[in-house]
Amino acid sequence: MKKLVIFASGSGSNFQAIINATKNQDIHAVIAGLIVNKKNIGAVERAQKHDIPVALLTPDDTHQFEQQLEKQLHKWNPDLIVLAGFLKKIPERIIRKYPDKIINIHPALLPKYGGKGFYGLRVHKAVIEAEESESGCTVHYVNEEYDKGDIIAQKKVPVQPSDTPEILAKRVLKEEHKLLPSVIKNILNQNN
Ligand code: GAR
Numbered sequence: 003m004k005k006l007v008i009f010a011s012g013s014g015s016n017f018q019a020i021i022n023a024t025k026n027q028d029i030h031a032v033i034a035g036l037i038v039n040k041k042n043i044g045a046v047e048r049a050q051k052h053d054i055p056v057a058l059l060t061p062d063d064t065h066q067f068e069q070q071l072e073k074q075l076h077k078w079n080p081d082l083i084v085l086a087g088f089l090k091k092i093p094e095r096i097i098r099k100y101p102d103k104i105i106n107i108h109p110a111l112l113p114k115y116g117g118k119g120f121y122g123l124r125v126h127k128a129v130i131e132a133e134e135s136e137s138g139c140t141v142h143y144v145n146e147e148y149d150k151g152d153i154i155a156q157k158k159v160p161v162q163p164s165d166t167p168e169i170l171a172k173r174v175l176k177e178e179h180k181l182l183p184s185v186i187k188n189i190l191n192q193n194n
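According to the numbering used here, the residues represented by the sequence shown are 3 to 194, in order.
Okay, structure coming up:
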């Protein structure tokens, strides 16, 4: 059985979509563990509810983060690492150690509205302020540059003139919950 390790920093609704897809056998893999950088977040509750091991990493610096991640990932030995709303930069040594094995979901149509500072509602606010007529979500490989790795898949959604960042976020999130599990499924199938 293939093994997934998920990283999250927030409510974990994308994490939940992955849990659901493994439960209903859409994704043939086990979630070996969840890595978080905050304690009291929805993602942790979801993991506990489904008996998924959680590693809380609160390093003092990048070097320590690298060491903690290396140890944890060595233990869980994932076939694929999924950043599902993880808002901390992955150290370069980890990216080099897991080439083409780390993917991220971003709530915009990259390369637009990506990079440092573009996360969560800030992304949707920027899209609305720029009067874009469409937005969406992107799943991409993670490389050393923030939100710049090769794009794997995107899904567009319309932006309505009356949208607030919250309304747009909801519309995009709904698509994220479909796009991310489908990409995971495809990658795991390709590597069979
Ligand atoms: C998602 O919209 C995800 O695309 C975004 O954080 C949200 C997490 O929601 N990620 C980023 O902005 C990364 N730059 P969730 O915790 O409910 O899955």
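Cβ coordinates follow ideal geometry from the N, Cα and C atoms, glycine included.
Proximity winner among the options, relative to residue i (alpha-carbon distances)
i	options	result
I83	K176, N145 and V161	N145
A34	Q18, K103 and I8	I8
S135	G12, L58 and A110	A110
L123	I37, I43 and V174	V174
R204	H108, E72 and K180	Because the chain in this structure spans residues 3 to 194, residue 204 falls outside the shown range and cannot be described.
I43	I154, S13, K25 and N26	S13
E133	I105, K103, T166 and L181	T166
K158	W78, L182 and E177	E177
A155	G119, L182, K77 and P101	L182
D81	H179, Y148, Q162 and D102	D102
G87	D62, F120 and N79	F120
S11	L59, M3, K25 and K51	L59
Residue i, DSSP secondary structure in three states
i	result
H108	strand
E131	helix
F17	helix
K172	helix
A23	helix
A45	helix
L59	coil
L190	helix
C-beta contact flag for residue i and residue j at 7 Å
i	j	result
N16	K90	no
L75	I54	no
H2	A57	Since the first residue shown for the chain is 3 and the last is 194, residue 2 is missing from the structure and cannot be characterised.
D149	Y143	no
H108	G116	yes
Endpoints, alpha helix (DSSP H) assigned at residue i
i	result
K77	T64 to W78
I97	E94 to K99
Closer than 6 Å: residue i CB and nearest the ligand HEM heavy atom
i	result
A128	Absent from the structure shown: the ligand HEM. Ligands present: the ligand GAR.
Neighbour flag for residue i against chain D, beta carbons, 7 Å
i	result
V159	Absence of chain D from the displayed structure is noted, only one protein chain being present.
The beta strand (DSSP E) enclosing residue i, as first and last residue numbers
i	result
K158	I153 to P160
Would you call the region 43-61 in contact with the region 113-132, where contact means no fewer than 3 C-beta pairs closer than 8 Å? No: fewer than three Cβ pairs fall under 8 Å.
If contact is defined by three or more beta carbon pairs under 8 Å, each pair taking one atom from either stretch, is the region 67-80 in contact with the region 23-30? Because the criterion of three Cβ pairs below 8 Å is not met, the region 23-30 and the region 67-80 do not touch.
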